[in-house]
Amino acid sequence: MNFIKKHFSESKKKISIILTLQISESDLDSFEYVNFKIINCFDMPEKYEYHSSKEYQLKKLEYISDEIMNSEGNILICNTGLSITDFDTLSEMLKLHELAINKILIPNESKRNKKLADGQEAYRNHSRWLHFYPGEIEDIYNEFEAEIKSLKTRCENTETKILEI
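Numbering (my numbering), first residue to last: 102 to 266.
Okay, structure coming up:
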């Protein structure tokens with residue numbers, strides 16, 4: 102009985118799983134994540150045929166889940182482009198395999214404010230070519246801020262930590 106129990110506990114994966122939200126690989130400290138397999142969702146294989154944006158999101162979640170399951174060690178997935186409900190779905194998928202997202206990295210406040218300022222500047226300089234309504238840049242910024250707040254609230258009492266970098 103002890104042999105079976107010992108063997109079963111050794112077979113469980115203990116890996117660190119980190120996802121990023123609007124953070125690219127180039128924005129990460131490479132020394133800090135030297136022991137991680139780094140996957141970029143923008144480089145996600147286009148082997149799937151997508152017929153709708155909803156199907157695309159489901160395939161993306163499947164792809165991310167497969168990458169995590171097939172990982173031999175720690176894994177960091179950049180540019181996930183996931184929504185709050187996508188993070189919840191992915192967490193549930195991983196829970197079935199006794200895995201959990203350890204951290205979600207998000208841009209810090211100064212990076213988010215810089216992105217807003219850059220977007221406003223681009224709008225001022227190119228508004229006649231852009232298909233944005235006045236104030237849309239600010240609306241997108243406010244939606245992202247609300248998403249971050251909601252993500253922090255949802256992860257507050259879980260093992261997933263939200264870190265601003």
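Yeah, the Cβ is synthetic: ideal placement off N, Cα and C, and Gly gets one too.
Secondary structure note for residue 207: its beta strand (DSSP E) is the uninterrupted segment 204 to 207. When rounded, the separation of the alpha-carbon atoms in residue 163 and residue 248 is 22 Å. Separation of residue 200 and residue 232 (C-alpha to C-alpha, rounded to the nearest whole angstrom) is 42 Å. The three-state secondary structure of residue 200, taken from DSSP, is coil. Residue 184 and residue 191 have their C-alpha atoms roughly 10 Å apart. For residue 133, no beta strand (DSSP E) segment is defined, and its DSSP state is neither H nor E. Shown here for residue 166: same chain residues with a beta carbon closer than 8 Å to its own, the five before and five after excluded, namely 191, 194 and 195 in chain order. Taking C-alpha positions only, residue 262 is separated from residue 189 by approximately 14 Å.
Across the set 236, 126, 259 and 260, the C-alpha of 126 shows the shortest separation from the C-alpha of residue 179. Per the C-alpha coordinates, the member of 230, 215, 207 and 144 positioned closest to residue 251 is 207. The three-state secondary structure of residue 122, taken from DSSP, is coil.
Pairing residue 169 with residue 119 gives a Cβ-Cβ distance that is not under 8 Å.
Only residues of its own chain outside the window of five on either side were considered, and among them 116 and 138 have a CB closer than 7 Å to the CB of residue 172, listed in chain order. Short of 7 Å from the beta carbon of residue 128, and not among the five residues preceding or following it, lies no beta carbon of its own chain.
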